[in-house]
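Engineer: Got a structure for you, written out below as structure tokens; questions coming shortly.
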Ligand code: ADP
Ligand code: ZN
Ligand code: ZN
């Protein structure tokens, strides 16, 4: 008699092998479940991806699933297929792709006991409002809010940062009590009925905003929109109105924002606009428990608005109605390790998969997106004016550094303008994309430079702590008293960083209040929060900072922006450097004059006639994009081709090149319609003692490229590469 045929499930495991693993299981084990399985001598958590009738393995080698893990709902078929797509498109092992997407708590087999997030409601005998002391104004507002609905602590924090203390007091008085959160079963409204919710402080939309909202709301099924609006044109207001519409239809909205934008501020802003909506955020600042809780709120359909960074594109959203990608050009959407996905591109795939509209918002869209809007694959929605009638776009002009007198890297003209702002009680911002005192230290006698011993880069001078520090690998040494090369004592800092600019300003404006904002001065999270408050409260006259200051912050008293040394990007080897610089300068320029007072931007450059600056002065993104697209077409760069980059690094140089050369031979041997470039050193040829090199492959057809990559993969797996770190990067952004 034959043994009964055992049903087989195919399981994704967190191992670097591009395959699923077969196990036997009874009928109760289904795709989307988390299971515990034997793997070698250990047990591993896996996700059941599919059931199959039979396995190519002999029955004796197939082990049974040990246990179905509890604590999480089933992953949907749609979600599993999203993960399969990512594994396939980014050529990354399926198991590792699945485990990248899951919240950390779901990757382990520890029992999941999340403390329920408590809600609060009124209790006992609510006090007469008049009887509360005046200083209890926050407590009062909490009571008012709870009279309308139960809330959790996060929702109450939208009232004030001190809500927790006041809530504690109210609990002690017995006027408020806690209850367990009930995940409201959402249930779709019948016959297109509108779901009511509070929508606070809605502005009357401008004609352009209204048109944008209407176009998206009218979309049936998948459609991709580019919302291109100058800074201050009210893109956020468009998002908010779209959310309002989707909430009325009982849909879920996913809003993706760049890493740096996700401050509690932003979350508070959306909570205030939708005070009774269930809004969750997902970002790296959350604890693993919070993250799991929020993820599950989304998965259950209870969370109506999900606000998150890159990784939140992998959130289950059963009632997804709309995806918004703010600052779609931002490079933080691209993951630079492991599963090297672009959250924007994955979001577009999801929108197609779920047949819902997606809006990509930016003042300076990526050329890929802009090109698609030009050729009709995406629909272009434009906001051409600032939303507040009084706020005009800042004037932008260049200061020719070859023709002006400079003081410590700052031109006299810029210093005069800063002086004027101080007199008028307005703020100035100096933007310089280098932290530290000076990017390199030099010996005037023998030409010695502060090279890092581990990298192909220079050690940066940090004068405050008297150190030379490599920003690439972290290696640091005490500041030498004399030249390590020749013993000469005259060591000079070359170039400027934020610290040097800060001290130059202190020398020039001894009475001014100067604040430096970079990753050194904001190492602790609270520091940056306090600084933002200081700037808002106008306790600062001059700000010196890196790109941290460029993005998304509204500083109403800021009327002058000085850009210190943008020139290195103009002649960079990276063909995207110009695109990035334009976007960055537009963004910093957008910080100036957001309220009634007009803003001015002064750019210090040795090349004032460069097309980038000419277009920038006219706020002419279209003109700039046209020149860039023409150049890219001539040179055969994206968006006219699709690229994949094979990277390798090792402490042994010969190993790196042997691997890449063999990979290249295999690629050429496949004889496909793709262009295979030469093996070259990476732009940073050595980092932390690893020699780095790369091989680029490109094609005018995305599907040709994909077919080639699938054919190439087996040969790559066969090249011996023990001490090598290698990766395949699809649609790479870093060169
Ligand atoms: P963006 O995101 O495009 O840079 P914001 O959404 O921050 O612009 O809007 C800029 C300012 O204009 C904000 O203060 C916002 O409240 C205001 N605003 C936006 N839309 C309108 C409108 N229709 N009427 C009045 N003010 C508006
Ligand atoms: Zn020397
Ligand atoms: Zn280094």
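Residue numbers (the numbering used here): 5 to 739.
Glycine residues also receive a C-beta, built at the ideal position from the N, C-alpha and C atoms.
Specify, as a first and last residue, the run of the alpha helix (DSSP H) that residue 220 falls within.
Structural biologist: 211–222 is the span of the alpha helix (DSSP H), which, as asked, contains residue 220.
Engineer: According to DSSP, which residues form a beta bridge with residue 85?
Structural biologist: Residue 85 is not bridged to any residue.
Engineer: Short of 8 Å in beta carbon distance, which residues of its chain neighbour residue 696, apart from the five on each side in sequence? Order them along the chain.
Structural biologist: Contacts found: 651, 652, 653, 660, 685, 686, 688, 689, 690.
Engineer: If distances are taken between C-alpha atoms only, which option among 693, 247, 179, 523 comes closest to residue 326?
Structural biologist: That would be 247, whose Cα lies nearest to the Cα of residue 326.
Engineer: Is residue 392 near ligand 3, judged by its Cβ being under 7 Å from some heavy atom?
Structural biologist: No, Cβ of residue 392 sits at least 7 Å from all heavy atoms of ligand 3.
Engineer: Taking DSSP as the reference, what is the three-state secondary structure of residue 58?
Structural biologist: Looking at residue 58 - three-state DSSP - the assignment turns out to be coil, as it is neither helix nor strand.
Engineer: What are the start and end residues of the beta strand (DSSP E) that includes residue 730?
Structural biologist: Residues 729–734.
Engineer: Can we count residue 297 as close to ligand 2, meaning its CB is less than 7 Å from some heavy atom?
Structural biologist: Not so, every heavy atom of ligand 2 lies at least 7 Å from the Cβ.
Engineer: Rounded to whole angstroms, what's the CA-CA distance from residue 274 to residue 683? Just pull it up for me.
Structural biologist: The alpha-carbon atoms of residue 274 and residue 683 are separated by roughly 48 Å.
Engineer: Is residue 692 near ligand 3, going by C-beta to nearest heavy atom under 7 Å?
Structural biologist: Yes; taking the cut-off as 7 Å, the Cβ of residue 692 has a heavy atom of ligand 3 nearer than that.
Engineer: Is it a yes or a no for the segment 555–572 touching the segment 418–435, going by three-plus beta-carbon pairs under 8 Å?
Structural biologist: Yes, they touch.
Engineer: Tell me which residues share the same chain as residue 397 and place their Cβ nearer than 7 Å to its Cβ, disregarding the 5 neighbours each side in the sequence.
Structural biologist: The residues are 234, 390, 623.
Engineer: Relative to ligand 1, is the shortest distance from any of its heavy atoms to the C-beta of residue 603 smaller than 7 Å?
Structural biologist: Not so, every heavy atom of ligand 1 lies at least 7 Å from the Cβ.
Engineer: Secondary structure at residue 673, three-state DSSP: helix, strand or coil?
Structural biologist: The answer is helix: DSSP assigns residue 673 an H, G or I state.
Engineer: Roughly how many angstroms separate the alpha carbons of residue 42 and residue 285, rounded to a whole number?
Structural biologist: Approximately 35 Å, taken between the alpha carbons.
Engineer: Would you please state the rounded distance, in angstroms, between the beta carbons of residue 582 and residue 616? I believe it to be under 8 Å.
Structural biologist: Confirmed, Cβ separation roughly 6 Å.
Engineer: Could you tell me the distance, in whole angstroms, from the CA atom of residue 450 to the CA atom of residue 491?
Structural biologist: Looking at the two C-alpha atoms, the distance is approximately 9 Å.
Engineer: Judging by CA-CA distance, which residue of 110, 142, 236, 315 is the nearest neighbour of residue 599?
Structural biologist: Answer by Cα proximity: 236.
Engineer: What number of angstroms, rounded off, separates the C-alpha of residue 154 from the C-alpha of residue 84?
Structural biologist: Each residue's Cα considered, the two are about 35 Å apart.
Engineer: Spatial neighbours of residue 719 within its chain, please: CB distance less than 6 Å, with the 5 preceding and 5 following residues excluded, ordered by chain position.
Structural biologist: If we look at residue 719 and ignore the five residues flanking it on each side, its Cβ neighbours are 670.
Engineer: Which one of 656, 638, 628, 681 has the shortest CA to CA distance from residue 649?
Structural biologist: The candidate whose alpha carbon is nearest that of residue 649 is 681.
Engineer: Comparing alpha-carbon positions, which option in 432, 525, 469, 446 lies nearest residue 509?
Structural biologist: Minimum Cα distance to residue 509 is reached at 432.
Engineer: Judging by CA-CA distance, which residue of 17, 124, 74 is the nearest neighbour of residue 116?
Structural biologist: With distances taken between Cα atoms, residue 116 lies closest to 74.
Engineer: Residues bridged to residue 466 by DSSP?
Structural biologist: The partner list for residue 466 (beta bridge, DSSP) reads 471.
Engineer: Please enumerate, following chain order, all residues with a beta carbon closer than 6 Å to at least one heavy atom belonging to ligand 2.
Structural biologist: Taking each Cβ in turn, the ones that pass are 447, 449, 450, 452, 487, 489, 490, 492.
Engineer: Taking the C-alpha atoms as reference points, what is the distance between residue 536 and residue 38?
Structural biologist: Cα to Cα, residue 536 sits roughly 43 Å from residue 38.
Engineer: Output the distance between the C-alpha atoms of residue 446 and residue 613, rounded to the nearest integer angstrom.
Structural biologist: Their Cα atoms are separated by approximately 31 Å.
Engineer: Count the other C-beta atoms from every protein chain shown that fall within 10 angstroms of the C-beta of residue 183, then say buried if there are 16 or more, exposed otherwise.
Structural biologist: Counting Cβ neighbours within 10 Å, residue 183 comes out exposed, since fewer than 16 surround it.
Engineer: Out of 460, 201, 156, point me to the one whose CA is closest to residue 181's CA.
Structural biologist: The option with the nearest alpha carbon to residue 181 is 156.
Engineer: Considering only heavy atoms of ligand 3, does any lie closer than 7 Å to the CB of residue 476?
Structural biologist: It does: the Cβ of residue 476 is within 7 Å (strictly closer) of some heavy atom of ligand 3.
Engineer: Cα separation between residue 241 and residue 36?
Structural biologist: Distance between the alpha carbons of residue 241 and residue 36 is about 37 Å.
Engineer: Is the segment 206–222 close to the segment 158–172, with three or more CB pairs under 8 Å?
Structural biologist: Segments in contact, no.
Engineer: Per DSSP, what are the beta-bridge partners of residue 327 in this structure?
Structural biologist: Residue 327 is bridged to 258, 362.
Engineer: Rounded to whole angstroms, what's the CA-CA distance from residue 255 to residue 213? Just pull it up for me.
Structural biologist: Cα-Cα distance, rounded: 21 Å.
Engineer: So, using beta-carbon positions, are residue 251 and residue 310 closer together than 8 Å?
Structural biologist: Not a contact, by the Cβ cut-off of 8 Å.
Engineer: Quick one: is the Cβ of residue 288 within less than 7 Å of any heavy atom of ligand 1?
Structural biologist: Answer for residue 288: no, Cβ out of range of ligand 1.
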